[in-house]
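The number in the numbering used here is simply the position in the sequence shown, starting from 1, with 2 added.
A virtual CB, placed ideally from N, CA and C, is assigned to each residue, including glycine.
From a predicted model like this one, the values you see are computed outputs, not experimental measurements.
Report on one structure; see the data block that follows.
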Amino acid sequence: MTNSPSDKAPQQRSAIALTIFCGFLIFVICAVFSLGVWQVERRAWKLDLIARVDQRVHAEPVSAPPRADWGNISRENDEYRRVTAEGTLRNDKESLVYASTALGPGYWVITPLTLADGTSVMINRGFVPTDKRDPNSRLEGQTGGAVKITGLLRLDEPGGTFIKSNDPANDRWYSRDVAAMAVKRGVPDIAPYFIDADATVNPGGLPTGGLTQVVFPNSHLQYAITWFVLAAMLTGLLILVLRSELRRRRT
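Laid out in structure tokens, this is it:
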């Protein structure tokens, strides 16, 4: 007994729909598996970055990059490198950046350091609580004369944070945007980086340095496992659908 044309049409539509569904499912499986592979690659990159940064943080300090090297500075090769810089702090041109730290809410004190060649680099001298934001309340810490700063090289943080934008016109800062601060304070020849001062105690105890958080979230393995498990589940669904279709055709 043969199927009539009216019987074949639904079967053909069913076969087409099954083919489209399985094709889409295969596409999704490939995409999800690729995301898992990408997360594995990202994990390898992150582990390498953590190792390199850890080496920099604990290495002997080197001189901060001079003007001739400013164009070669990169986040991958230079951030968190221990450096030293010698010059004169321009306490009259300091800026305050809102901060939330292990010591509570307050401000980072960002002060230009004028170097011997006339260029300047912003120094994050450390943290002060809200009630010490006024420089007159911490005069002992307003160090004058030649100083030597040791700390970690950090790159400029333009614009602000994800939540709040910097407001240079009203002198409100939420990120260490050294280029904008230099313009606001009239500091020429500013380096494209700043230095997070180490924990060397300042006169009077403020600002408090050495609070840099060198933490890199590394959840790539969990993400990779999630994507691979999802790919396996979808593969199982595909196999189940195909086996069901084969059984249907045999009967």
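- The residue from 152, 76 and 113 with its alpha-carbon nearest to that of residue 60 is 152.
- The alpha carbon of residue 100 has as its nearest neighbour, out of 252, 222, 202 and 173, the alpha carbon of 173.
- Contact between residue 28 and residue 240 is confirmed by a C-beta separation of about 7 Å, below the 8 Å threshold.
- Counting every other CB atom within 10 Å of its CB across the protein chains shown gives residue 201 a total below 16, marking it as exposed.
- Within the same chain, and ignoring the five residues on either side of residue 184 in sequence, the residues whose Cβ sits closer than 8 Å to its Cβ are 114, 122, 124, 190 and 192.
- Residue 104 places its beta carbon less than 8 Å from that of residue 213.
- Just so you know, the alpha carbons of residue 179 and residue 156 end up roughly 11 Å apart.
- Residue 49 and residue 87 do not touch by the CB rule: their CB atoms are close to 31 Å apart, not below 8 Å.
- Checking the DSSP bridge columns, you'll see residue 100 partnered with 109.
- Residue 187 and residue 216 have their C-alpha atoms some 29 Å from each other.
- The straight-line gap separating the alpha-carbon atoms of residue 64 and residue 198 is approximately 14 Å.
- Under DSSP, residue 85 shares a beta bridge with 64 and 153.
- The secondary-structure analysis by DSSP pairs residue 227 with nothing; it has no beta-bridge partner.
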